[in-house]
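When the count follows the numbering used here, it moves up by one through the sequence shown with no breaks and lands on 753 for the last residue.
We treat Cβ as the ideally placed atom computed from N, Cα and C, and that holds for glycine.
The block underneath contains the structure these notes are about, expressed in structure tokens.
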Amino acid sequence: MVGLLTKNENILQQWKSIVQHRNTRHDIQANRSWMEVLRLGLPTSQQEGWRCTPLDRILDHNFTLAPPSELSSDIVEERSCRIDAVRLVFVDGLFSPVLSDSQHDPFDIHIISSESPRMRLQTPIHPDLFLHLTESLVGQITFIHLSREKKTIRPLYLLHITTGSSSDKLYTAGYRHYLQQDPGSELTVIEHYVTLNNLPHFTAARFTANISNYSTLKHYYLAFEDCKSYHVSHNDLHLGNGARAESHSFLLGSGVTCHQTSSQFQGEESHLRVNSLMLPMDTEICENRTWLEHIKGLCHSHQLHKTIVCDSARAIFNGMIKVYKHANKTYGQMNNRNLLLGSCAAVDTQPQLEIYNDDVKCGHGATVEYINEEQMFYLRSRGVHKDIAQRIIINAFFSELTELIPDVILKNTIIQRIHNRFLGGVS
């Protein structure tokens, strides 16, 4: 027990050193977040909310900041999604103006450093330790503003490149983005996370969107980092009256991934779709949490979360729909479907409902299955090779999510990532 406490204290000291380095002007908000980290303390597997989370894998490292690095435009192009978009590039937690587009129209973008006074941001919907840690570690906040009635043609593409370390140090990067949509605006945001090299690192990221009345947001989250890395992230979506939002998360990398999407209906007659795909392989562990609050009535939410678990990997899903007392005429549906591709593959799923109103239509469901032998027999009887038949079934399983992506280049990028993982082309 003494050794465990000493280890925890050592990790907190490492994080504190990074926080102090980033927060040179003693930013009040960052300090408050750090105090929350200390108040909550490092969780243990004995705690209900963390019993399946592989904390030992994440915490058994020496956390430090990466040394300054200069990347060439060729490296950025190699790792970038070839999509027509307004591109912002971030390297090891910091914005790179040299590698980013200089023109941001119609977006109004400001990079707020720890040395500048921070604006007051939305209160977290369902915070946890890693959310407060991310707020403490970041050295910059990307503030994105879209004016009233603006409807963008090109998406906003946020590319994050994090450096791995060959030493016993775990390079640590924190990314923080805040989107303010004025009423009647429409846009698409793509967050893309990649590793510079095939070496370990720790990424902590948070994206917050304030979707004002009658605005529309499509948000794509692509976690494509190396299998030796560790990735924790949290998205917050706040919806006003008549707002429409889609959140699509593709968690296709990292040795350990912990991702959460928290959403809140703050106005009536709004619609939200939250989808995700997890693909852990080998001994990877991928955790996806969702938290949705129906505070106002006449709102609709649809969730579909799919998982393909290979080899000896493990997937964790924990979803909550909470309907408040005055949220009449609420519709909420959450489904989690899991496909196991290994005798040692495992999944823990826990969809939940918490309802305080009788005038609702809400439901949830979860399935865990192996490849259907009848489907395999049907394809094999028509001369399809076993490996190809298996690939056809897998493609049909995840295509329900990828077919919802209207941009062909973005969709093909995600599909290629999935295929490369199966072929061993990426770590």
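| Check | Outcome |
| --- | --- |
| Note down, one range per segment and in chain order, each alpha helix (DSSP H) of at least 4 residues found wholly within the segment 663-717. | 699-706 |
| How many Å lie between V600 and L618 at the Cα? | 10 Å |
| How far does the beta strand (DSSP E) with N746 in it extend, from its first residue to its last? | That residue, N746, is in no beta strand (DSSP E); its alpha helix (DSSP H) goes V734 to L749. |
| For C378, which residues in the same chain have their Cβ closer than 6 Å to its Cβ, ignoring the five residues on either side in sequence? | I642 and D674 |
| Can you check which of these residues, D494, H527, T498 and H597, is closest to S541 by C-alpha distance? | H597 |
| With 16 as the cutoff for other CB atoms within 10 Å, does L704 come out buried or exposed? | Position check: residue 704 holds Tyr in this sequence, whereas Leu was assumed. Result: exposed. |
| Assess, as a yes-or-no matter, whether the segment 533-551 is touched by the segment 510-522 under the definition of 3 or more beta carbon pairs within less than 8 Å. | yes |
| Taking the C-alpha atoms as reference points, what is the distance between H430 and V734? | 23 Å |
| Tell me whether the segment 475-493 and the segment 406-425 touch, counting them as touching only if at least three CB pairs, one residue from each stretch, are closer than 8 Å. | yes |
| Taking the alpha helix (DSSP H) that R532 falls in, what are its first and last residues? | First-last for R532: H527 to I537, but that is the beta strand (DSSP E), not the alpha helix (DSSP H). |
| Does the beta-carbon distance from H628 to A653 come in below 8 Å? | no |
| Hey, how far is the Cα of F389 from the Cα of W360? | 16 Å |
| Name the DSSP bridge partner or partners of W617? | S588 and M646 |
| Could you tell me which whole alpha helix (DSSP H) segments of length 4 or greater appear in the segment 382-437? | 399-405 |
| For Y650, which of R383, L666, R743 and D685 has the nearest alpha-carbon? | D685 |
| Do the segment 653-663 and the segment 685-698 make contact, defined as three or more Cβ pairs closer than 8 Å? | yes |
| Beta strand (DSSP E) containing R570: first to last residue? | R570 to L577 |
| Consult DSSP for L330 and reduce its assignment to one of helix, strand or coil. | Residue placement at L330 is poorly supported in this model, since its pLDDT is 44, which falls under 50; the coordinates still yield a value, given next. Helix, per DSSP. |
| To the nearest whole angstrom, what separates the beta carbons of H560 and T460, a pair I think is in contact under 8 Å? | 7 Å |
| Give the DSSP-derived three-state secondary structure of N561 in the structure shown. | strand |
| Would you mind stating whether G579 and N524 have Cβ atoms separated by less than 8 Å? | no |
| Mapping the DSSP letters down to three states, classify L485 as helix, strand or coil. | strand |
| Three-state secondary structure (DSSP) at E374? | helix |
| Is C553 closer than 8 Å to G581 when the C-beta atoms are compared? | yes |
| Where does L455 land, buried or exposed, given buried means 16+ other C-beta within 10 angstroms? | buried |
| So for L598, helix, strand or coil by DSSP? | strand |
| Look at the alpha carbon of A342 and the alpha carbon of V464, and state the distance between them as a whole number of angstroms. | The sequence as given places Lys at residue 342; Ala does not occur at that position. Straight-line Cα distance between these residues: approximately 12 Å. |
| For my contact list, L736 and C407 are in at a C-beta cut-off of 8 Å; report their separation, rounded to the angstrom. | 7 Å |
| Once DSSP output is grouped into helix, strand and coil, what is the label at H652? | coil |
| Can you tell me which of I437, H585 and I409 puts its alpha carbon nearest to the alpha carbon of G419? | I437 |
| In whole angstroms, give me the CA-to-CA distance for A549 and R743. | 10 Å |
| What's the gap between the Cα of C636 and the Cα of N664? | 11 Å |
| Within 10 Å of its beta-carbon, does D562 have 16 or more other beta-carbons around it, so buried, or fewer, so exposed? | buried |
| Just to confirm before moving on: does the CB-CB distance between T521 and S573 stay below 8 Å? | no |
| Could you give the residue range of the beta strand (DSSP E) that holds S634? | The sequence shown places Ile at residue 634, rather than the Ser named in the question. Counting along the chain, the beta strand (DSSP E) containing I634 begins and ends at H626 to C636. |
| Please go through the same chain and pick out, in chain order, the residues whose beta-carbon is closer than 8 Å to the beta-carbon of V363, but skip the five residues on each side of it. | L338, W341, L455, H458, L459 and S462 |
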